[in-house]
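Here this note's numbering = 1-based position in the sequence shown + 1.
Think of the CB as a built atom: it goes at the ideal place given N, C-alpha and C, for glycine as much as any other residue.
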Amino acid sequence: MMKRLHTIQILAIGLFCLASGIAGAETRDVHKFFFDQHLGDFKAELANAKKDGKRGVLLMFEQEDCPWCARMKSTVLNQSEVQDYYKKHFLIFTVDIKGDASLVDFQGNETTEKKFSEKNRVRATPVFAFIDLDGKLDYRYTGASKDINEFLMLGRFVVDGTYKTQTFAAYKQAVK
């Protein structure tokens, strides 16, 4: 009787995982498969994005001990489907809003991560900034997405140019 109950519990957990999409979802290291390594020169990265046929650059402004940043990395950005979609369209980098590392901004000015973040009025994290191939901000999304589907929807919203004609909230309602 006890063995049978244990088997039923295991089956129930398995069914829950399948129904919620946990089983079968491939996760990969977020630093290896989502974020690109950069040398701190965003102007040069724009040239790389153009050369690689990307739509632009995606910056994730973050900070140490940010629970929402950690949640995005461990539940959304580590998903192969998310990684494959975003990597197809963008070069992707992180910026530590309190960081002292030097960098060159999209216009070629030398600065630090902290000053760059301040110039871009980033106070809360995470912030996802979609930058076009001219170094101009296309769209800015503040906060963590609800789930994988919402983050993929955000990517399509920007890639398809829908952000030019409607809000992300209206887009989500229309797509549902």
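Under a Cβ-count criterion, where at least 16 other Cβ atoms within 10 Å of its own Cβ denotes burial, should His7 be classed as buried or exposed? Counted from its first residue, the sequence shown places residue 7 at position 6. Only weak support is given to the placement of His7: the predicted model assigns it a pLDDT of 44, under 50, and the value that follows is read from those uncertain coordinates. So His7 ends up on the exposed side.
Residues of its chain near Thr166, where Cβ-Cβ distance is below 7 Å and the 5 sequence neighbours each way are ignored: To locate residue 166, count along the sequence shown from 1; it is residue 165. Shown here for Thr166: not one same chain residue has a beta carbon closer than 7 Å to its own, the five before and five after excluded.
Quick check on DSSP: helix, strand or coil for Arg5? As a first step, residue 5 is located in the sequence shown; it is residue number 4 there, counting from the start. Interpretation of Arg5 is limited by its pLDDT of 48, a score under 50 that renders its predicted location unreliable; the figure taken from the coordinates is listed afterwards. In the structure shown, Arg5 sits in a helix (DSSP, three-state: H, G or I).
Which listed residue (Lys89, Asp66, Glu82 and Lys88) has its alpha carbon closest to that of Asp97: Position 96 of the sequence shown, counting from 1, holds the residue named residue 97. Per the Cα distances, Asp66.
Grouping DSSP H, G and I as helix and E and B as strand, with all else coil, what is Arg122? For this step, residue 122 is matched to residue 121 along the sequence shown. Arg122 falls in the coil class under three-state DSSP.
Just checking Gly54 against the ligand COA - is the residue's beta carbon closer than 8 Å to any of the ligand's heavy atoms? Only the bare structure without any ligand can be found here, which leaves the ligand COA out of the picture.
Would you identify the three-state DSSP class for Ser103, choosing helix, strand or coil? For this step, residue 103 is matched to residue 102 along the sequence shown. Three-state DSSP puts Ser103 in a strand.
One or two residues paired with Phe94 in a DSSP bridge: Here residue 94 refers to the residue found at position 93 of the sequence shown. Its beta-bridge partners are Leu60.
Go to Tyr142, then tell me how far its beta strand (DSSP E) extends in each direction, as first and last residue. As a first step, residue 142 is located in the sequence shown; it is residue number 141 there, counting from the start. For Tyr142, the enclosing beta strand (DSSP E) stretches over residues Leu138 to Thr143.
Along the chain, where does the alpha helix (DSSP H) containing Ala130 start, and where does it finish? Here residue 130 is taken as the residue at index 129 of the sequence shown, counted from 1. Where Ala130 is concerned, there is no enclosing alpha helix (DSSP H), although the beta strand (DSSP E) it sits in stretches over Val128 to Asp133.
Grouping DSSP H, G and I as helix and E and B as strand, with all else coil, what is Thr76? Within the sequence shown, numbered from 1, the residue matching residue 76 stands at position 75. Three-state DSSP puts Thr76 in a helix.
Say whether the region 143–150 touches the region 96–114, bearing in mind that this needs 3 or more beta-carbon pairs closer than 8 Å, one atom from each stretch. Put simply, the region 143–150 does not touch the region 96–114. Fewer than three CB pairs are less than 8 Å apart.
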